[in-house]
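>
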Amino acid sequence: MTAPWWEATREGRLLLQCCLACGHTQHYPRALCTGCGGTDLGWRESAGRGSVDSYTVVHRSPSPEHPAPYVVARVRLDEGPVLLTNLIGATDWRCDQRVRLAWRELDDGRRLPVFVSDPP
């Protein structure tokens, strides 16, 4: 179910699942539309811009693979869906701050979507 999403990350594309019946856009990929319950689902590419909905700074990491401090955030994409992600780069984050998509490389060639500040 998530294979097309992960494959698109290899190309630096953030896909959102969309319902072909009602037009609802959602993330994370799943079997049913959260808008109408339909199963006729497709994909559309996100422009990769949004706003910080909420965030927290983690000062004590649960593992050495995630050196602290780091920022965990909810980013509301301009297309509507919310992603749980990391904010990188800036240190003066605030709610409603505009952000844009960046990528964190994984060892197997896939990428994770992260966000950086998007100044006006």
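Last residue of the sequence shown: 120 (full-length UniProt numbering), numbering continuous.
The C-beta atom is built at its ideal place from N, Cα and C for all residues, glycine as well.
1. By the three-class DSSP mapping on this structure, what secondary structure does arginine 60 have?
2. Check for me: the beta strand (DSSP E) holding glutamate 105 runs from which residue to which?
3. Relative to the C-alpha of arginine 110, which residue among Arg94, Met1 and Glu7 is closest?
4. For the ligand PLP, I want to know if serine 51 counts as a neighbour, meaning its beta carbon is within less than 7 Å of at least one of the ligand's heavy atoms.
5. Hey, threonine 9 and leucine 16: beta-carbon distance below 8 Å or not?
Concretely, from the data shown:
1. Looking at arginine 60 - three-state DSSP - the assignment turns out to be coil, as it is neither helix nor strand.
2. Start and end: 98–105.
3. Of Arg94, Met1 and Glu7, the smallest CA-CA separation from arginine 110 is found for Glu7.
4. Among the ligands in the structure shown, none appear at all, so the ligand PLP cannot be discussed.
5. In this structure, leucine 16 does not lie closer than 8 Å to threonine 9 by Cβ.
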